[in-house]
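K.L.:
Dropping a structure here in structure tokens format, bear with me for questions.
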Amino acid sequence: MSTALIIFGAFTGLAATLSGIGKLTRQPKVIATLTGVGVPENRIPLLAALEILGALGLVIGIWVPPLGAAAAIGLALYFLCAVAAHVRIKEPIKESLPAIFLFLMAAVTAALQLSR
Numbered sequence: 000m001s002t003a004l005i006i007f008g009a010f011t012g013l014a015a016t017l018s019g020i021g022k023l024t025r026q027p028k029v030i031a032t033l034t035g036v037g038v039p040e041n042r043i044p045l046l047a048a049l050e051i052l053g054a055l056g057l058v059i060g061i062w063v064p065p066l067g068a069a070a071a072i073g074l075a076l077y078f079l080c081a082v083a084a085h086v087r088i089k090e091p092i093k094e095s096l097p098a099i100f101l102f103l104m105a106a107v108t109a110a111l112q113l114s115r
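What follows is the structure, encoded as structure tokens:
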């Protein structure tokens, strides 16, 4: 396992976990962002679960590489959809940067996992 994979995987997993926790604990800024892009409130726990499970998959993927690759791909798709949600409502790029950054981190993690 490469150092780059460890760094990207750890950061992506931590970011996904913190994002999921923000949704579960209903942090006002997180909820405002989600409702602002049109996410129904009853879907927020599902989104949190997807992020936390993706992060868990990255950790288990250290020992089970196919699971790590699947988790990284899943998180990349998740954050790509987040970017699309921001673009759909024509939000300023500044507001979309966290989703863009997390998409790129997850995509790099997926590429590194697939190259193992």
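Under numbering that gives the first Met the number 0, think of the first position of the sequence shown as 0, with each following residue one higher.
Ideal placement from N, C-alpha and C gives every residue a C-beta, glycine not left out.
What residue range does the alpha helix (DSSP H) around residue 93 cover?
P.N.:
Its alpha helix (DSSP H) spans residues 92-113.
K.L.:
Could you tell me if residue 4 is buried or exposed, where buried requires 16 or more neighbouring beta carbons within 10 angstroms of its beta carbon?
P.N.:
Buried is the call here.
K.L.:
Straight-line CA distance for residue 23 to residue 108?
P.N.:
Straight-line Cα distance between these residues: approximately 25 Å.
K.L.:
Please classify residue 51 as buried or exposed, where buried requires at least 16 neighbouring CB atoms within 10 angstroms.
P.N.:
Buried, since its Cβ has 16 or more Cβ neighbours within 10 Å.
K.L.:
Considering only the beta carbon of each residue, do residue 33 and residue 43 sit closer than 8 Å?
P.N.:
The answer is yes: Cβ separation under 8 Å.
K.L.:
When you compare each of 46, 27, 57, 39 to residue 104 by their alpha carbons, which one comes out closest?
P.N.:
Comparing Cα positions, the closest option is 57.
K.L.:
Please classify residue 83 as buried or exposed, where buried requires at least 16 other C-beta atoms within 10 Å of its C-beta.
P.N.:
Looking at its Cβ environment, which holds fewer than 16 other Cβ atoms inside 10 Å, residue 83 is exposed.
K.L.:
Look up residue 87 in the DSSP assignment and say whether it is helix, strand or coil.
P.N.:
Residue 87 falls in the helix class under three-state DSSP.
K.L.:
For residue 79 versus residue 53, is the C-beta distance shorter than 8 Å?
P.N.:
Not a contact, by the Cβ cut-off of 8 Å.
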